[in-house]
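With the working numbering as the guide, the letters of the sequence shown map in order to residues 317 to 499. See structure below.
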Amino acid sequence: LGLVTRQSRALCFSGTHGKTTTSSMAAHIMHQSSVGCNAFLGGVLRNYGTNFLLNAESEYSVVEADEYDRSFHHLRPYVAVVTSTDPDHLDIYGTEEAYLESFSHFTELIQPGGVLIKHTGLKMQERVADGVKVYEYSRDEGDFYAANIRRADGTVVFDFVTPDGVISDIELGVPVEINIENA
Numbered sequence: 317l318g319l320v321t322r323q324s325r326a327l328c329f330s331g332t333h334g335k336t337t338t339s340s341m342a343a344h345i346m347h348q349s350s351v352g353c354n355a356f357l358g359g360v361l362r363n364y365g366t367n368f369l370l371n372a373e374s375e376y377s378v379v380e381a382d383e384y385d386r387s388f389h390h391l392r393p394y395v396a397v398v399t400s401t402d403p404d405h406l407d408i409y410g411t412e413e414a415y416l417e418s419f420s421h422f423t424e425l426i427q428p429g430g431v432l433i434k435h436t437g438l439k440m441q442e443r444v445a446d447g448v449k450v451y452e453y454s455r456d457e458g459d460f461y462a463a464n465i466r467r468a469d470g471t472v473v474f475d476f477v478t479p480d481g482v483i484s485d486i487e488l489g490v491p492v493e494i495n496i497e498n499a
């Protein structure tokens, strides 16, 4: 995956929780669009029956960036997403501080001109290069968040607020509350 991320514009999703869901959502959206993508995911996409999508025409890849054994340090993301940094894998890292440091190091690997998108309130301190944009997200606040959340008849619909404007009436295929934030 390190080689893949060096030869593509890689969107790398990391975090203790949420990386499979968020990377899968991004891969699906990109795969269905004219942009396309190659995807290397930690879970099998129900829509496709695989955790691997291939598009020889696309310059983009979506990668689940696993922190378990520091393997995400081999990646060179164009866009890095950090969903959460709750201490985990302390058998590998030893301490919460070492775990958080591993995510800080991951942010140093973002390609020049790239982007870091991180959940609001993380303990991790990013160390991005000059020219890397940093955004925050959550369900209710940040640069990206959900507004006007509506629930009815087994669906969840919301407006997606971005720094560039609002995308109205996003409807989730799986109407689970946490997926508002994952989306």
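Positions of the beta carbon are idealized from the N, C-alpha and C atoms, including for glycine.
Review point. DSSP puts G481 in a beta bridge; with which residues?
Key: T478
Point to revise | Spatial distance of L319 from F388 (CA atoms) | key: 12 angstroms
Practice item. Count the other C-beta atoms from every protein chain shown that fall within 10 angstroms of the C-beta of E493, then say buried if there are 16 or more, exposed otherwise. Key: exposed
Check your understanding: Between T399, S374, S324, which lies nearest to S339 when the distance is taken from Cα to Cα?
Key -> T399
Practice item. Just mark I483 as buried or exposed, buried being the case when its beta carbon has 16 or more other beta carbons within 10 Å. Key: exposed
Point to revise | Own chain, CB closer than 6 angstroms to A355, minus 5 neighbours either side, in chain order | key: A343, L369, V378
Review point. What residue does the alpha helix (DSSP H) around S340 start on, and which one ends it?
Key: 335-348
**Study point:** Cβ-Cβ distance between E380 and G358 below 9 angstroms
**Key:** yes
Check your understanding: Hey, M346 and T401: beta-carbon distance below 9 angstroms or not?
Key -> No. Outside cutoff.
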